[in-house]
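**Student:** The structure follows.
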Amino acid sequence: MATRRRKGRHLRGSRTHGWGTSGQHRGSGTRGGFGIAGRYRHKRSRLIREKEFVNMHYVGKKGFTSVAQKKGEGKVLNVGQLSAMVDRLISEKKAQVEGQKVSVDLGELGFSKLLGSGSISKAIRVKIDRCSESALEKLKKAGGEAVLPSSAPAK
10 MATRRRKGRH LRGSRTHGWG TSGQHRGSGT RGGFGIAGRY RHKRSRLIRE KEFVNMHYVG
70 KKGFTSVAQK KGEGKVLNVG QLSAMVDRLI SEKKAQVEGQ KVSVDLGELG FSKLLGSGSI
130 SKAIRVKIDR CSESALEKLK KAGGEAVLPS SAPAK
């Protein structure tokens with residue numbers, strides 16, 4: 010008569026449960042070390058073989074990051090980019106039309122500085138934390154203005 014063993018008896022009493030001699034499933038000696046061990050030798054070869062591994066934050070030592078570096082510059086926007094996105098901002102009601110000028114608060118959109126690359130043809134009133142001199146000049150030529158915090162002059 011054929012008998013069927015219960016599932017719960019699988020590998021009972023086998024001591025190593027399929028991992029060979031005792032100790033072979035311990036530690037990471039057989040796998041090249043824990044974590045980022047071997048980053049300069051054998052794990053660097055994975056960078057060559059696997060393209061998605063390149064995008065991981067793995068290569069080299071991290072070092073020290075100061076608080077000032079963490080603070081960073083924030084997001085910047087060029088005048089040309091602003092000119093291209095004004096119509097979309099108006100349709101999304103993120104910018105308001107006030108007479109002949111369009112009023113935009115770039116701080117609410119996540120930008121901290123306006124730079125002067127590109128050209129602008131519309132009169133735009135921009136509220137922003139910081140603004141370069143060339144961006145300020147281009148805004149004024151087009152009939153617009155930049156509203157800066159009182160303590161921050163144009164840089």
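In the working numbering, the protein residues as written are 10 to 164.
Even for Gly, the Cβ is constructed at its ideal location relative to N, Cα and C.
A quick note: this is a predicted structure, and the numbers were derived from the prediction, not measured.
Can you tell me whether Arg139 is buried or exposed? The criterion is at least 16 other CB atoms within 10 Å of its CB, across all chains shown.
**Tutor:** Arg139 is buried by the Cβ-count criterion.
**Student:** Where does Ser130 sit, in a helix, a strand or coil, going by DSSP?
**Tutor:** Of the three classes helix, strand and coil, the one that applies to Ser130 here is coil, per DSSP.
**Student:** How would you call Val76, buried or exposed, if buried means at least 16 neighbouring beta carbons within 10 angstroms?
**Tutor:** Exposed, because fewer than 16 other Cβ atoms sit within 10 Å of the Cβ of Val76.
**Student:** Between the beta-carbon of Ala151 and the beta-carbon of Ile137, is there less than 9 Å?
**Tutor:** Not in contact: Ala151 and Ile137 (Cβ atoms no closer than 9 Å).
**Student:** Once the 5 residues before and after Asn87 are set aside, which same chain residues still bring their CB inside 6 Å of it?
**Tutor:** Excluding positions up to five away in sequence, the list reads Leu124, Ser126 and Gly127.
**Student:** Under the rule that 16 or more other beta-carbon atoms within 10 Å means buried, what is Ser141, buried or exposed?
**Tutor:** The residue is buried, with at least 16 neighbouring Cβ atoms inside 10 Å.
**Student:** I need the straight-line Cα distance from Leu98 to Glu146, nearest angstrom please.
**Tutor:** Approximately 22 Å between the Cα atoms of the pair.
**Student:** Can the beta-carbon of Phe120 be found less than 9 Å from the beta-carbon of Gly153?
**Tutor:** Not a contact, by the Cβ cut-off of 9 Å.
**Student:** What residue range is occupied by the uninterrupted alpha helix (DSSP H) comprising Leu123?
**Tutor:** Run containing Leu123: none in the alpha helix (DSSP H); it sits in the beta strand (DSSP E), Phe120 to Leu124.
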